[in-house]
Structures are given as structure tokens and as C-alpha cells.
């Protein structure tokens, strides 16, 4: 009987325990629990389904009912006390966002994985006993301390908008995301948080991060408005987004996080941003800093750049192959922007919009394409002895290469060394060498294709150039290196070249007006000298070899007799022999017509044929000389002479550089843009050595007519300065008279070229009234009246050069050109 009562009493205790009613201090809390059902989101069962808590409808919550709940949502309910929550020990999610609680004791909720207690008045929070907690949200409150010890499963932590002055994250080995922005933190120790991906700690007073290197997985950082002076990204290989505005950063090193896409550093003390190689940054903000130069050239994926309000900024290097938007207002010292040509219109628009008038804009900070480029290189070798191109052969200078990728065409003319280097972008490129005289030489290969990045860069291809038969062809040019001024010395350079295939020996002559010019000196020394002619012997001039002679004269002053005044013209004629047998004797002589100047612009352009040109040069070469001088206070590292050729007057495909003062290459692009590039010229600024020049020849179009005028000017770029625009060199074709009949039908002249006696043979009976000879400027130099019986004219007194014989007859007049040796 006693045993029966004992068992009955035990059964009563168990039944009483299972029916235990939970006491709640807050009626509001209890009421919230009682209205939970499947039609609202207050509660979920252990299977994750919305459910009713008071399943027996007794308006109470029993322990048995509490243990069946897996999630509670109490948000925006005016609960001041959630005592009783400790009985919901199977709870995995708890949301008490925006209630009125000021304390939160949930240490009994050992299964809890998610806790949101944001927008409350909690000042102290201890969740160290919640070992299964994965996400904690406690934002926009009054937290001054929090205990996160031992939460090795916590991966998301939201604490922004509180009053925390210290935050201990040690042991949070699973943490991937932390937002502790808008607090009062002065430091942040990230030691051991190796899985962290997102770090948000903006609007604090943080001066440094301890052991950011322990976070190799970090991809996003928002650290604006702190007091950071530096950030160590040496282990942040996966960083993609960085927002670090409004700090005290002095320098930023982004050499490790190569995949960063967005970087914002506005309002710091930055003077440099370091990257290694190319960067994939698409957006960068550098406004309100201390930059003096900003280099965007590594940013080959950039879309937008903000550089505004850098009061010390003087230069922006934005040549990167992109067409990005770039803002640079509020930079009063900005003087130079290096830009890709493709975005010049965009930057020019900004210059006007920001009312900048003193900023130089060009692409000459480098001489390769912006962004990723590939290199084609090699040697051009002249096999002069026809035994195959080898190391003993000389380079073929100034070879013209046509470059095409199927849509864009351009040209590069190599320097005098015979080596070439062509920078191109991605794709397939066809390279074709172009010779001035195609029938003189054979080139192997005739062209080649290269595809990048399929093929390795640099891609090397040499060219072997071999003679194609015997082609004697000499050329002479005369350049006025130092202008002619009354009473001063003037210097000239005779440049003679073997353009043919035969080794040549002979004589170079220079004729001048001895009455107004006094010969001073020559290098090399003259071999013979008469009153108005200087001569130099030369021997063994190899195919494609160029030599030069420097000659100095003193120009008569206005006080001498005859006087030379500003505006007078000096005539020179250079001739290279042998002329007989030369395939193109027209360039064996060169006539220079030079205007005498007073004080002169050291950066100028001259047509060497003069401002009045005979119609015989229509469709033929005319020669230009562009001179430049460094008048600054520091050596000019790079100089570019840019010339926009008038395609209605000139054949740009015929352009040939003839001589430069320093080593240079020539680029032709955009149809008519010619750039003579003196890279690393380092031109001094002292007056004795600060001069340079470039000379070239180009054919006029054969469609031009008498009376047509053509002009040309150039821009000269010295490093990062504004370009200097030269004068316009203007020339006009003017005739010596209209030919009334075909000269060769009635006359022939010989020899041509002539040294002393010019013979005139009449083929038909025709009355000759007079004979006149004109120089290339149209000035009469010999006249023979009553010339009906004249068959010989002594031209020995004429200076070397080109002349025109005019026969005035009963049928009218006609002209014929001849060359005086």
C-alpha cells in the first residue's frame, strides 16, 4: 500500500512539472507571445514553420509550449522586460529589434544562432555563453561594452551606431563580417580573424589596425572618417572595394591587392598611391589631398576618376588606353595632362567647363600606347655585299613600316641605327616595309603578321635588304642650321647620301654669292676653292650611307658693299657628282633660297625651296626644315615635333625624314598627323648646345596647278610644356611664262647637266627672237637678244643648280629645265 502511494506522488510531481506555467514580468511580452499563430511571423516551431505558441488556448505559456519554439520575432513591440525568455531554451533565432528593453539576459539560450537586439537602450551586453551564436545584430543603441568571448562560430557581427570605445574580437575565428561603424573606437585588433571578408568601421577615431595581415580573405573595407595615417595591405590579396575617405593617410600601397575595383581616398593627406604593374581599379577618388602629380597610367580598367581640389596638383598622367571620365576642378596649379588621344575631346570639354586656359594637353609623357601593349622589334640590315645579312653588314636607316590591324593604319619610320620597335595593342597586325625606291632593293620578308597576345611579346622579326641590280643614285640637300643675319656668321650643313646600290666616289660642290658672303670654315676642309665655289672629294660612299659637311659664312652687314639687309635673299646651289648615269639626277642638285633675318624665333619652319617655287616641282619633292631651341632653365628630356600635313596639297605617303640633329623616330597616324619623336634627347638649356632640328621632304600633289599656294606649320612640344607653334611656311607655284608650243618638238639642249657650254639644236626652221635663262626663283640670270643664229650659251659663270631656258620665237615661247654642274 505504501509503495502505491509513493508511485502516485511521483507521478503527480512529473505531471505538475510538465504543466509548469511561465511567469512574465511584462504583460506586453506575454501578450505578444499569446497572439502568435500561423498567420503572423511572431513564432516558428523547431521545423521552421510559423506556429501558435499557446496551443491549449489557456492564455498561458507553459514550459512545454516554450520548448517547442525555434524562433521569436518581437520587433517594434514596446516591451521593457523580456524576463521569461530564459525558458525558451530551444530558441535558435531571436529578434527584439526596436523594443524598449535596456537589459538583455539570454545566457540560458544555448542553442541561439541569430540575435537581433538593435535600436534598444542596452548599454552592456554579455553573449559569451551563446557558443552557437552565428549572427549578432545590436546596432543603433547605447552599447558601451560587449563580451564576445568564446564565440568561435560567430560569422556576422553588426555593432554600428553605438558608444563603444573598445572592442575585443579575439577568438572570433569564424568571423566574416563586422560592422562597427559610428562608435568611439580608437583602435581595432584583428588578430587571428583569418576568415574576415567585410570590415566596416567608418566614423570612429581609429588610428591603426592591429594585424590586418591576419585577414587574407578580406574583400571589402569601409574605413572612412577615422584618424588612420597608414593601412597595411600587404596580405590583402583579395581586396576588391576600399573606402577610406576622411582620414589622415599620407601614402597608400596597393601593390598587393591587384583585383581592387573601387578605391576612395578623398580628403586625406595623400601625395602618392603605389601600384605594381597594371591595376584593375575601375573607380578611384583622390580629391582633396596633397598630390603634386597623379599617375593613372597603370589603371587599365578605370571608368571614373576624381582628382578635384588638390591645391598642389601640377600634372595628371592619364594615358592608360581608357576613355574614362575624369574630374579635376579646384586644382589651380594644374599645368599638364598626359592623355590618350581617344579621350582628348572629353578632357578638352572639362578644360572649358572648369575654365582652365593654361593646361597643356597631349600624349607625349610616353611614346607607347596607353594601357596594355605589345612590342614588335628587330633590325633592318643592308646586305651590301650580297652574301646574306650578317653581323658585318650595316643597318638600313629610316625604314618606313606600314602598320595595319585591319581597321587602323599608320606608319613608323625607324631611326638611323637600323633597329626598330613598334608598340601595338591586342589583335592581329600586318607589318610591311616600304622603300623609297622599290625597284632598287629586295626586302625579305616582304611583310609579316603577328597576333597578340597569342604570340609572345616582344616579337622579333629582322629584315634583310639586298640590292636588286645596279642603280646609281645620289642625293644632296643643303640645310641652313644657323640663320643668315646681316653682319653675323651663318652655318649650313650639306647632307649627301647614296640612295642607290653602287659604291660611289666623286665630288660635292657648293656655289654661293661671293659678293655678299665670306667663306669662313668647313668641316671637313675643302679640297678646292674658287671665288664662288667650294668643292669636296668623297670616296667609297656605301649604299645608303649618309655623310655631311658643315660650312660657315659671314654675311655682309648693311654697312658693307654690297650691303645685305633684312629681307634680302641668299642663293646657294649644292651639287653632287657623278650626275651622268644617275637614275634620278633631279636630286643631285639642291637650290637653297634663304631670306636674311634680324632677330629670329629659334623655333621656326622653312621651306628650303623658298616662297616662290617653279611649277616643275608640282608633284615633286619639296624640303622643310624645322628648328627648335630649349629656351627654358632645365634640359628637355623629350621633344616632339608634330606636323599636320595638308592632304589636299601633299602626298603624305611620300614623306621621308632626311636629317635630324639628334636621334629620332617618325610616326604617322590619323591620316595626316606626323610626329618626329626625340625621346631622351635631354637637350641642354645653355645657349651653346640648346638647338636642334628635323628636316624632311615630301611630294606635292601632281594635281596642283600654277598659282596654288601651300603652307605648313608645326607644334613643338618640350616635355610637359605648352606646344610652341612655328610660323607658317608658305610657298606658291609661279610660272616663268606660258609655253605656246612643245619645246622638244623644235629644240633639244645638251649636255644636261652642263658644266660650261649649253648647246641648242633646232629641229625645224623657226625664228628665235631671244633666249633667256632663269633660276629656280624665276629671276633672269642670262639674256641673249637677237638670238636667231645662237646655238651655244656659256653658262660656266652660273652657280650650281637648276635653271630654265626660255626660247622666245615667232611661234611664241617655250621652256626647258636644265642642271648646271
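Numbering (mature numbering (1 follows the signal peptide of the UniProt record, and there is no 0)), first residue to last: -19 to -1, 1 to 802. Glycine included, each C-beta is placed from N, C-alpha and C at the ideal position. No experiment lies behind these values; they were computed from the predicted model shown.
For residue j and residue i, the rounded distance between their alpha carbons
i: residue 9; j: residue 135; result: 31 Å
i: residue 425; j: residue 411; result: 14 Å
i: residue 253; j: residue 272; result: 7 Å
i: residue 696; j: residue 622; result: 6 Å
i: residue 687; j: residue 516; result: 35 Å
i: residue 540; j: residue 546; result: 9 Å
i: residue 400; j: residue 593; result: 39 Å
i: residue -4; j: residue 31; result: The pLDDT assigned to residue -4 is 45, lower than 50, so where the model puts this residue is not dependable; a value taken from the coordinates is nonetheless given after this. Going by the C-alpha atoms only, they are around 28 Å apart.
i: residue 93; j: residue 108; result: 10 Å
i: residue 274; j: residue 314; result: 11 Å
i: residue 287; j: residue 660; result: 31 Å
i: residue 626; j: residue 213; result: 53 Å
i: residue -11; j: residue 7; result: Because the pLDDT at residue -11 is just 44, under 50, the model does not fix this residue reliably, and the value given afterwards should be weighed accordingly. The alpha-carbon atoms of residue -11 and residue 7 are separated by roughly 34 Å.
i: residue 226; j: residue 414; result: 53 Å
i: residue 330; j: residue 537; result: 53 Å
i: residue 351; j: residue 570; result: 44 Å
i: residue 204; j: residue 232; result: 15 Å
i: residue 164; j: residue 141; result: 7 Å
Under the three-state DSSP convention, the category residue i falls into
i: residue 259; result: coil
i: residue 187; result: coil
i: residue 9; result: helix
i: residue 489; result: strand
i: residue 756; result: strand
i: residue 637; result: strand
i: residue -13; result: Caution applies to residue -13, whose pLDDT of 44 falls short of 50 and renders its modelled position unreliable; the value that the coordinates give is listed next. Three-state result, residue -13: helix.
i: residue 353; result: coil
i: residue -19; result: Confidence at residue -19 is low in this model, with a pLDDT of 43, below 50, so its placement is unreliable and no value can be given for it.
i: residue -3; result: With a pLDDT of 43 at residue -3, under the threshold of 50, the modelled position of that residue is not reliable, and the figure given next carries that caveat. Residue -3: helix per DSSP, three-state reduction.
i: residue 726; result: helix
i: residue -8; result: With a pLDDT of 41 at residue -8, under the threshold of 50, the modelled position of this residue cannot be trusted, and the question is left open.
i: residue 483; result: coil
i: residue 326; result: helix
i: residue 578; result: coil
i: residue 532; result: strand
i: residue 45; result: helix
i: residue 649; result: strand
i: residue 27; result: coil
i: residue 50; result: strand
i: residue 669; result: coil
i: residue 14; result: helix
i: residue 597; result: helix
i: residue 332; result: helix
Nearest residue (CA-CA) to residue i, options the options
i: residue 79; options: 92, 91, 62, 90; result: 62
i: residue 819; options: 261, 598, 140; result: Because the chain spans -19 through 802 in this model, residue 819 falls outside it and cannot be assessed.
i: residue 85; options: 66, 70, 94; result: 66
i: residue 115; options: 419, 73, 147; result: 73
i: residue 559; options: 546, 575, 490, 583; result: 490
i: residue 667; options: 643, 677, 614, 691; result: 614
i: residue 349; options: 321, 327, 245; result: 321
i: residue 392; options: 49, 637, 75, 48; result: 637
i: residue 422; options: 450, 444, 260, 430; result: 450
i: residue 812; options: 315, 797, 76; result: Residue 812 cannot be examined here, being either before or after the span of the chain that is shown, -19 to 802.
i: residue 175; options: 330, 153, 208; result: 153
i: residue 183; options: 346, 122, 168, 27; result: 168
i: residue 125; options: 89, 83, 110; result: 83
Any non-hydrogen atom of the ligand ADP closer than 7 Å to residue i Cβ
i: residue 85; result: Ligands in the displayed structure: none, and consequently the ligand ADP is not present.
The region 499 to 506 touching the region 480 to 487, judged by at least three CB pairs closer than 8 Å:
no
Is the number of C-beta pairs between the region 466 to 479 and the region 651 to 660 that are closer than 8 Å three or more?
no
Does the region 740 to 756 come close enough to the region 519 to 527 to have 3 or more Cβ pairs within less than 8 Å?
no
When the Cβ atoms of the region 624 to 644 are set against those of the region 290 to 305, are three or more pairs found closer than 8 Å?
no
Return the chain-ordered ranges of every beta strand (DSSP E) run that is complete within the region 86 to 155 and spans a minimum of 3 residues.
95 to 97, 105 to 107, 116 to 118, 126 to 128, 137 to 139
Would you call the region 598 to 607 in contact with the region 577 to 590, where contact means no fewer than 3 C-beta pairs closer than 8 Å?
yes
Using a Cβ distance threshold of 8 Å, determine whether the region 34 to 43 contacts the region 13 to 21, with at least three qualifying pairs required.
yes
As an exercise, report each continuous alpha helix (DSSP H) stretch of at least 4 residues that is fully enclosed by the region 283 to 320, in chain order.
none
Secondary structure, beta strand (DSSP E): runs of 3+ residues fully inside the region 392 to 429
400 to 405, 408 to 415, 422 to 425
Would you call the region 454 to 467 and the region 380 to 390 in contact, with 3 or more CB pairs under 8 Å?
no
Decide yes or no for the touch test of the region 642 to 649 against the region 701 to 720: beta carbon pairs closer than 8 Å, at least 3 of them.
no
Entirely within the region 438 to 522 and at least 3 residues each: give me those beta strand (DSSP E) ranges in chain order.
444 to 448, 455 to 463, 470 to 479, 485 to 493, 498 to 504, 509 to 511, 514 to 522
Are the region 185 to 196 and the region 206 to 214 touching, with three or more C-beta to C-beta distances below 8 Å?
yes
What ranges does the beta strand (DSSP E) occupy inside the region 219 to 261, keeping only unbroken runs of at least 3 residues that lie completely in it?
222 to 224, 232 to 234, 243 to 245, 253 to 255
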